[in-house]
Structure formats: C-alpha cells, structure tokens
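Mapping of the sequence shown onto numbering that gives the first Met the number 0: position 24 corresponds to residue 23, and the numbering continues sequentially without gaps. Even glycine gets a Cβ: it sits at the ideal position worked out from N, Cα and C. Below: the structure, in structure tokens.
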Amino acid sequence: MAMVVMEGCTVGLTIMTKTVMARGMSPYVFVVYSNALSSLILLVSFFIFHRSVPPPPPPPPPPSLSLSILAS
C-alpha cells in the first residue's frame with residue numbers, strides 16, 4: 000500500500016512540475032517550494048504519529064572512575 004501511495008505522489012509531483020514550469024516558474028524556486036512543503040508535512044506527521052509513544056528509559060549511569068581504580 001505504501002508503494003502505491005509513493006508512486007501516486009511521484010506522478011503528482013511530475014505533473015505539478017510540468018504544469019508550473021510551463022507557466023514560467025523557475026526550477027530553483029519550485030525546488031525550494033517543494034522542499035519547504037515536504038518539510039512541513041514531515042514535521043506535522045512526526046508530531047501526529049509519535050505523540051503517544053513514551054520516550055525510552057535513560058541509560059544506566061556509568062561506573063565511577065574511582066571505583067574502577069580501587070578495584071584493580
């Protein structure tokens with residue numbers, strides 16, 4: 000299913016690219032706009048899908064240096 004969605008996005012981006020460049024938009028401006036839009040979509044999806052996942056537990060503290068010197 001994800002592959003079908005990705006192919007749909009690729010086709011949509013190709014059609015949109017051809018349309019806006021035929022109307023005179025610079026390719027550099029289009030790249031900036033499409034990357035900005037993609038960044039916003041990824042940022043929003045991160046907060047939607049990861050808001051209920053608890054953070055991982057902190058790692059255990061490392062042994063102190065003085066303990067390892069005394070033990071040797």
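Compute the Euclidean distance between the alpha carbons of residue i and residue j, then round it to the nearest angstrom.
i	j	result
residue 27	residue 1	29 Å
residue 16	residue 33	10 Å
residue 12	residue 36	12 Å
residue 43	residue 60	34 Å
residue 20	residue 38	22 Å
residue 9	residue 58	41 Å
residue 53	residue 46	13 Å
Taking 8 Å as the limit between beta carbons, can you name the residues of its chain near residue i, skipping five residues before and five after?
i	result
residue 29	16, 19, 20
Return the chain-ordered ranges of every alpha helix (DSSP H) run that is complete within the segment 13 to 53 and spans a minimum of 4 residues.
26 to 48
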